[in-house]
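Novice: Structure in structure tokens, see below.
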Amino acid sequence: MTGTMKLVVPVLSEAWSGQLLAAGLPFYELSRWGVPFLEILIGVVLGVGFFVRPAAVVVIGIMVVAVYVHVVVDDPSLFPLQPSEPIIPLAVIATCIYLLWRGGGSWSKDLNATRVASR
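Counting in my numbering, the sequence shown runs from 94 upward without gaps.
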């Protein structure tokens with residue numbers, strides 16, 4: 094959902110751009126447009142339950158950078174919908190660690206594909 098918001102909502106798109114510039118992250122243009130699309134794709138993949146563990150690894154990488162941005166950037170106007178502490182990225186990291194450990198669950202496409210292949 095945040096990927097869509099970064100692309101569609103002008104205020105959030107400007108805040109996202111400002112966060113990247115203020116943090117001094119490399120590959121600004123690639124990050125500005127690529128990360129929101131990656132977030133959308135990974136959200137769909139996790140929602141369907143396909144390649145859950147690899148998707149969780151990607152999300153952890155994105156969230157580690159998000160924690161870095163929260164810590165480095167000291168401008169509350171660049172975080173219009175978020176608390177000043179990196180609570181949301183840390184919660185997402187914890188959730189993804191759980192997904193790495195337990196997998197996608199009984200409804201995941203990964204598990205269903207494994208069951209069909211073993212028959």
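Note that CB positions come from ideal geometry on N, CA and C, so glycine has one too.
Take every Cβ of the region 161-174, pair it with every Cβ of the region 106-116, and state whether three or more of those distances are shorter than 8 angstroms.
Specialist: Contact between the region 161-174 and the region 106-116 is present, because at least three Cβ pairs lie under 8 angstroms.
Novice: For the putative contact between residue 128 and residue 155, defined by C-beta atoms under 8 angstroms, what is the C-beta separation to the nearest angstrom?
Specialist: Numbered from 1 along the sequence shown, position 35 holds the residue referred to as residue 128. Numbered from 1 along the sequence shown, position 62 holds the residue referred to as residue 155. Going by Cβ atoms, the distance from residue 128 to residue 155 rounds to 7 angstroms, so yes, they are a contact pair.
Novice: Rounding to the nearest angstrom, what Cα-Cα distance links residue 131 and residue 193 in this structure?
Specialist: In the sequence shown, residue 131 corresponds to position 38, counting from 1. In the sequence shown, residue 193 corresponds to position 100, counting from 1. In a straight line, the C-alpha of residue 131 is about 19 angstroms away from that of residue 193.
Novice: Got a sec? Which residues, its chain only, sit under 7 angstroms from residue 182 by beta carbon, not counting five neighbours each side?
Specialist: The sequence position of residue 182 within the sequence shown is 89, counting from 1. Cβ within range, chain order: 156, 159, 160, 163.
Novice: Determine, using beta carbons only, whether residue 201 and residue 145 come nearer to each other than 8 angstroms.
Specialist: In the sequence shown, the residue the question calls residue 201 occupies position 108. In the sequence shown, the residue the question calls residue 145 occupies position 52. Contact: yes.
Novice: Taking residue 165 as the reference, give the member of 118, 148, 138 with the closest Cα.
Specialist: On the sequence shown, position 72 is the one that residue 165 refers to. Closest by alpha carbon: 118.
Novice: Return the chain-ordered ranges of every beta strand (DSSP E) run that is complete within the region 116-194 and spans a minimum of 3 residues.
Specialist: Listed in chain order, there is nothing to give.
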